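Here the structure comes first, spelled out in structure tokens, and everything after it is commentary.
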Amino acid sequence: MSERVLEVAGLRAKYGTHEVLQGVELHIARGEWFCLLGPNGVGKSTLLNCVTGRMRADAGEIRVGSYSMIAQPVDAKRLLGVACAPEQLPGLLTGRQCLEVYAAAKNLRSIDAELLEVAAQLGFMRFIDKCTDTYSLGTRQKLTVLLALIGDPALIVLDEAFNGLDPASAVTLKRLLRERLSQARCGVLLATHSLDIVEHYADTAALMLDGRVARQWTQAEIAELRKAGGEGIEAALAAASAR
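With this note's numbering as the guide, the letters of the sequence shown map in order to residues 211 to 453.
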């Protein structure tokens, strides 16, 4: 079995008295692209916030690599690459300054050449020395993804990272992520509404409903659904949602 970069067991979380996550179970292996699907308000962002340490769970376990996010948060976070929400970028910093701050947080002395090459492929370099409050949504998304890639993380966590990207940039990002996965450099956890990504890129997909993983599709099952085209995946998702 491939090394697991994420393991979530019995995860529960709530806001006040409202329980948002109700015993979530999932795991991601190195080299695996895991898509998290589901309507708005079912707990996807809460799950990602718990996985990345931005929110403390009320019960259960989260392990990133061999480290517990609850008991060893510093070590666990060192293995993460997290794309923040575009609106959370500091408006008075340039893109380069944001990258430098993240690099320093990962104990890197500078932005590495590979990351700058990715930035060039995404068409970001002409914006890198401009303040982020001048960026379009698509340009902000490019920067958040670049921030997530700093330090060669074992687990890359993305929340609707393709929103606002132009088609060429979206294709480039999908290819870059797939290359990293094929080299077993990381696993990817992506929360998305895009069935196109599931159809063409995902190794595993899970549907969240009411704070639980209601249905999960393995790599073999997704391969079978692909044979029916997009309608096969869409029909399977609709059927699982109706239960």
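C-beta atoms are modelled at their ideal positions from N, C-alpha and C, and glycine is treated no differently.
Quantities reported herein were computed from a predicted structural model and do not represent experimental measurements.
Reference residue i; option with closest CA among the options
i	options	result
residue 400	394, 428, 387	387
residue 248	432, 405, 437, 430	405
residue 233	259, 264, 298, 269	269
residue 366	375, 378, 258, 321	258
residue 359	326, 347, 279	326
residue 292	278, 266, 370	370
residue 413	423, 422, 424, 435	435
residue 226	217, 266, 287	266
residue 256	214, 314, 368, 318	368
residue 240	415, 214, 338, 422	214
residue 272	322, 216, 410	216
residue 383	395, 361, 356	356
residue 334	402, 285, 229, 376	376
residue 402	321, 246, 313, 228	246
residue 237	324, 313, 393, 428	428
Buried or exposed (CB count within 10 angstroms, at least 16 for buried), residue i
i	result
residue 219	exposed
residue 295	exposed
residue 242	buried
residue 350	buried
residue 378	exposed
residue 344	exposed
residue 430	exposed
residue 425	buried
residue 385	exposed
residue 211	At residue 211 the pLDDT is 47, less than 50, meaning the model places this residue with poor confidence; the figure from the coordinates comes in the next sentence. It counts as exposed.
residue 363	buried
residue 329	buried
residue 423	buried
residue 416	buried
residue 390	buried
residue 380	buried
residue 281	exposed
residue 286	buried
residue 445	exposed
residue 433	exposed
residue 323	exposed
CB of residue i within 7 Å of CB of residue j, strictly
i	j	result
residue 274	residue 289	yes
residue 254	residue 418	yes
residue 353	residue 305	yes
residue 332	residue 374	no
residue 309	residue 342	no
residue 485	residue 314	A question about residue 485 goes unanswered here, because the residues of the chain that appear run from 211 up to 453.
Presumed contact (8 Å Cβ cut-off) between residue i and residue j, rounded CB distance
i	j	result
residue 408	residue 244	At roughly 10 Å, the Cβ-Cβ gap does not stay under 8 Å, so residue 408 and residue 244 are not in contact.
residue 252	residue 420	6 Å
residue 279	residue 301	About 30 Å; that fails the 8 Å criterion.
residue 361	residue 318	6 Å
* Can you give, in chain order, each stretch of the alpha helix (DSSP H) that sits fully within the stretch 263-291 and has at least 4 residues? -> You should have 283-288.
Exercise for review: Taking only runs that begin and end inside the stretch 228-261, name each unbroken beta strand (DSSP E) of 3 or more residues, in chain order.
Suggested key: Those beta strand (DSSP E) runs which fall completely within the stretch 228-261 and span 3+ residues are 228-239, 243-247.
Inside the stretch 356-430 only - beta strand (DSSP E) runs reaching at least 3 residues: Taking only runs of at least 3 residues, the beta strand (DSSP E) segments lying wholly in the stretch 356-430 are 365-369, 397-401, 414-419, 422-427.
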